[in-house]
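Heads up, the sequence shown is in this note's numbering, so the first residue is 433 and it goes up one at a time. Structure, as structure tokens:
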Amino acid sequence: MKSSMLNQLPLLQASLNGSRDGILVVDFRQNKALDYNRRFLEIWNIDQEQSCVVEHEFLMARIVEQTIETEQLRTLTQSLCSRSREESLDRIELKCHRFIEMHSSASIIDDEVCGRVCFFRDITAEIRQKSIEEARTRTMTLIAMGAELEQILESIVHGVEGINPNMICSILLLDRGQTHLTVGSAPNLPKFYNQAINGLKIGPEVGCCGAAAYSKKRVVVENIMDNSFWTPYRPLAVAAGLSSCWSEPIIDPDRNVLGTFAIYHRFIHSPSEADIITISEAANIAAIAIHRKRVEEDIISQERRFRSLFEGSNDAIILVGKDGVFDCNRRAPEMFGLSSKEELFQSKVFELSPDEQPDGQSSLLSSQYHLMQGYQEGNHQFEWSYRSAKGREFPAEVILKSYLFEGQRVLQFTIRDISERKSAETAFNCQREKLVAASKLSSLVEMAGGIAHEINNPLAIIIGQASRIRRRYERGLLDTEQLGDDLVRIESTAQRIAKIVRGLRSFSRSSEKDPMEVTSVTDIIEDTLELCQEKFRVHAIELILDVAPDIRLSCRRSQIAQLLMNLLSNAYDAVDDLSSKWIKLEAYANEEWITIEVSDSGEGIDPAIREKIMQPFFTTKEEGRGTGLGLSISQGISEDHGGSLRLEPSAEHTTFIVRLPLFEEDRRQQESTSMQLVSSNQLQA
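Take a look at the structure:
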């Protein structure tokens, strides 16, 4: 058996040395250490030479001298010797702030207690992790309670310093401009030191904290006295009694630097693996607190800005939920003649309206339509007539938005009183009507000679025929058959005059009183030409017409006639002095648009003034000819009809192009015809 035990001894020795715990076997009878492993020597910093001395007293003295509570440990060991059969589990704190857990039990040989077996385990990392978790819990609790940031940061600092009293911690905050650091919490650094570094500008070699914030990386300086980063700040560190500094950048989830967490020592010191974990965890906890605080500040700031814009808006803004109006700005009750917001809260937005809208529709029915559009579209704009509590009716532009807020559907009414705008529009339209009338008068004056000639010729024919009939009647020579021919000629000539007068009446009709009507483009062109073609003939200007039949549009007839007259008058003025004089008028349509082109034999318009020709009162004509309003008014007429007027810059000769919407019914017919042609071609293919 003895031989068997001897054979197992190497195996037992190997197991002993491979243990993660430090093991010490003490024989009280001989007052010596019977055995120990390498881990025991590592834990207690005993070198091999010292380990040759195996007296129990020496080893215990070596252990005791490293502990903080030396007398307490001596008392404990003496007690264990006197109660040698009892097991013991104790925690020992060393002066270097490591924590050792000691488990000891009796060593029994032949049923006799001969000593103790002690197991030592370094639990520093566990203690630190527990402290960090406790600090995290305290921090989260403070955040949840809405504590001030300074209190939260101080709690983090105290939590880390509690792990190792040799550590002096600080948290610096980086401003939103990402340029300067300010003290967030550093309760155990000297006041003069905190004052000196407050407002520190970050940089690649600005101490530890300035460099860490700049590089977004941890900066470790074991000895401040021989590090170039600290050269400008070395006297300050000496005065504060600081010898080493490690700084960890505090970074938010978006990788933005929020500040730094630093650990100082009063002696030269490099961080252990546990220290790195500690400073990293502390920075993470601080990041949560600072980021949360900044988010809260941003929300509060945004809310203040929104409230400032909300209250400062000159538009009435009203928020409506399922129970009615729940918020509005100060302008809302003012606009509706109410004394307070509370009065508006008791109302419904559409109830503050007359019974009918300006278009004759019921306000109740129209409001239901607009509400439905707001819900469906999410953003609906319309004009509405309101009535204030004092009876004042006013037009308004309303933007109705629908969105979800805190899980509930909200309608936002943004209401703008447009009374002044409507008055200005009325005044503008009145002034514009005067300008249009002046332009018409100018055109009539220019065409007056031709029109007079157009009327005088048929009048002379009528007068001549009537005189001849009268003379024959007086002589008794009246021939019934001849009389019939003469009357037909008189009637035809009178109709010619009537047509000219009809064109004049159509052209001179007030734009305000000119209703929208569906009319033929050919008819408008013919009526307009009746007023000017004689002038063209007298001045030897060739008039070329290429007008497609059966083109209809919905328009104010007199306005389109004026548009054509303005373009024809401009063309006349452009070619009157040329050797080759012609004016071409074309009209055609596609599936959506009617196009009218007026060209003349002129060489075009100088590129330098093309951008100006549509401006009111701009003219290239000599003084006394034209008002400079023709093209401006014509452009306005085309746009009022949903179309456009432009100069074609690429044309060889001066060419103006008018586009107007095709009458809806004709447009649908054109689309149907096009579809039939496409289908037919596909079948043939």
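Don't be surprised by glycine CBs; every beta carbon is placed ideally from N, CA and C.
What are the residues that DSSP puts in a beta bridge with L836? Counted from its first residue, the sequence shown places residue 836 at position 404. Per DSSP, R841.
Below 8 angstroms on the Cβ atoms is my guess for P597 versus H529; work out the distance and round it to an integer in Å. Taking the first residue of the sequence shown as 1, we reach residue 597 at position 165. Taking the first residue of the sequence shown as 1, we reach residue 529 at position 97. That pair is a contact at about 7 angstroms.
Exposed or buried, which one is I976 when buried takes at least 16 other CB atoms within 10 Å? The sequence position of residue 976 within the sequence shown is 544, counting from 1. Classification of I976: exposed, given that the 10 Å Cβ count is below 16.
Would you report the Cα separation of E1071 and I732, rounded to the nearest angstrom? Within the sequence shown, numbered from 1, the residue matching residue 1071 stands at position 639. Within the sequence shown, numbered from 1, the residue matching residue 732 stands at position 300. Looking at the two C-alpha atoms, the distance is approximately 48 angstroms.
If distances are taken between C-alpha atoms only, which option among L606, S539, E474, I749 comes closest to L466? Residue numbering aside, residue 466 sits at position 34 when the sequence shown is read from its first letter. Per the Cα distances, S539.
If we ignore side chains and look at the alpha-carbon of each, how far apart do P827 and K1013 end up? Along the sequence shown, read from residue 1 onward, the residue named residue 827 stands at position 395. Along the sequence shown, read from residue 1 onward, the residue named residue 1013 stands at position 581. Approximately 53 angstroms, taken between the alpha carbons.
Close-in-space but distant-in-sequence residues of the same chain around R848 (CB under 7 angstroms, 5 per side omitted): Locating residue 848 in the sequence shown gives position 416, where the first residue counts as 1. Closer than 7 angstroms at the Cβ level, and outside the excluded window around R848, lie D747, A828, E829.
With distance defined between alpha-carbon atoms, name the residue in T858, P1081, E838, V970 nearest to D1038. The residue given as residue 1038 occupies position 606 in the sequence shown. Checking every option, the nearest Cα to that of D1038 belongs to P1081.
Spell out a yes or no on whether the region 675 to 689 and the region 719 to 739 are touching, meaning 3 or more CB-CB pairs, one atom from each, closer than 8 angstroms. Segments in contact, yes.
Residue of F624, P636, V589, Y696 minimising C-alpha distance to E654: As a working mapping, residue 654 is identified with position 222 in the sequence shown. Residue Y696 is the option with its Cα nearest to E654.
Any alpha helix (DSSP H) of 4 or more consecutive residues that is wholly inside the region 532 to 589: 556 to 576
Give the DSSP-derived three-state secondary structure of S704 in the structure shown. Residue 704 sits at position 272 when you count from the first residue of the sequence shown. Of the three classes helix, strand and coil, the one that applies to S704 here is coil, per DSSP.
Put F460 into one of helix, strand or coil per three-state DSSP. Walking along the sequence shown from the start, residue 460 turns up at place 28. Looking at F460 - three-state DSSP - the assignment turns out to be coil, as it is neither helix nor strand.
Neighbour-count burial assignment, Y835, 16 or more Cβ in a 10 Å radius: Along the sequence shown, one-based indexing puts residue 835 at 403. With fewer than 16 Cβ atoms within 10 Å of its Cβ, Y835 is classed as exposed.
What residue does the beta strand (DSSP E) around M948 start on, and which one ends it? Along the sequence shown, one-based indexing puts residue 948 at 516. 948 to 952 is the span of the beta strand (DSSP E), which, as asked, contains M948.
For E1029, the first and last residue of its enclosing beta strand (DSSP E): On the sequence shown, residue 1029 is found 597 positions in, with the first residue counted as 1. 1025 to 1032 is the span of the beta strand (DSSP E), which, as asked, contains E1029.
What residues are listed by DSSP as bridge partners for K1016? Within the sequence shown, numbered from 1, the residue matching residue 1016 stands at position 584. Answer by DSSP bridge pairing, in chain order: I976, S1031.
If distances are taken between C-alpha atoms only, which option among H971, S899, F661, A718 comes closest to S1011? Taking the sequence shown and counting its residues from 1, the one referred to as residue 1011 is at position 579. Of the listed residues, the one whose Cα sits closest to S1011 is H971.
Report the residue from I532, S851, V615 whose alpha carbon sits nearest the alpha carbon of G454. Against the sequence shown, residue 454 aligns to sequence position 22. Per the Cα distances, I532.
Which of the three DSSP states is assigned to P786 in this structure? The residue you call residue 786 lines up with position 354 of the sequence shown. Here P786 sits in coil by DSSP.
Out of R452, K623, V651, L796, which has the shortest C-alpha to C-alpha gap to S785? Position 353 of the sequence shown, counting from 1, holds the residue named residue 785. The residue among R452, K623, V651, L796 with its C-alpha nearest the C-alpha of S785 is L796.
Per the contact definition of three or more C-beta pairs closer than 8 angstroms, is the region 554 to 566 in contact with the region 612 to 631? no
What residue from L690, N688, M657, T663 has the CA that sits closest to L674's CA? Working through the sequence shown from its first residue, we reach residue 674 at position 242. The residue with the shortest Cα to Cα distance from L674 is M657.
Looking at the strands, I want to know which residues DSSP matches up with R1091. Stepping through the sequence shown from its first residue, residue 1091 is reached at position 659. Answer by DSSP bridge pairing, in chain order: T1027, S1076.
Can you give, in chain order, each stretch of the alpha helix (DSSP H) that sits fully within the region 719 to 758 and has at least 4 residues? Whole alpha helix (DSSP H) segments, 4+ residues: zero.
Have a look at the DSSP bridge pairing and note the partners of N811. Taking the first residue of the sequence shown as position 1, residue 811 is located at position 379. K833, per the DSSP bridge assignment.
For the putative contact between L456 and L491, defined by C-beta atoms under 8 angstroms, what is the C-beta separation to the nearest angstrom? Looking up residue 456 in the sequence shown gives position 24. Looking up residue 491 in the sequence shown gives position 59. Confirmed, about 7 angstroms.
What are the partner residues of P681, as DSSP defines its beta bridges? Residue mapping note: residue 681 aligns to position 249 of the sequence shown, counting from 1. Paired residue(s): T692.
State the start and end residues of the unbroken beta strand (DSSP E) segment that holds S660. Counted from its first residue, the sequence shown places residue 660 at position 228. Counting along the chain, S660 falls outside any beta strand (DSSP E), and DSSP gives it neither H nor E.
Can you list, in chain order, the residues of its chain with a C-beta nearer than 7 angstroms to that of I1089? Leave out the 5 residues immediately preceding and following it. Your numbering for residue 1089 matches position 657 in the sequence shown. Contacts found: T1027, E1029, R1078, E1080.
Using a Cβ-Cβ cutoff of less than 6 angstroms, which residues in the same chain neighbour P790 once the five nearest sequence positions on both sides are dropped? Position 358 of the sequence shown, counted from the first residue, corresponds to residue 790. Taken in chain order, the residues that qualify are S817.
Looking only at its own chain, which residues have a Cβ that is under 8 angstroms from the Cβ of E815, when we skip the five neighbours before and after it? Along the sequence shown, read from residue 1 onward, the residue named residue 815 stands at position 383. Excluding residues within five positions, the ones whose Cβ falls inside 8 angstroms are P827, A828, E829, V830, I850.
Under 8 angstroms, with one C-beta from each stretch per pair, do the region 688 to 702 and the region 583 to 601 reach the 3-pair mark? yes
What three-state label does DSSP hand E825 in the structure shown? One-based indexing of the sequence shown puts residue 825 at position 393. Strand.
Should G547 and A567 be called a contact, given that it needs their Cβ atoms to be closer than 8 angstroms? In the sequence shown, the residue the question calls residue 547 occupies position 115. In the sequence shown, the residue the question calls residue 567 occupies position 135. 8 angstroms or more divides the Cβ of G547 from the Cβ of A567.
Using the DSSP secondary-structure output, state which residues sit across from R523 in a beta bridge. Working through the sequence shown from its first residue, we reach residue 523 at position 91. R523 pairs with E533.
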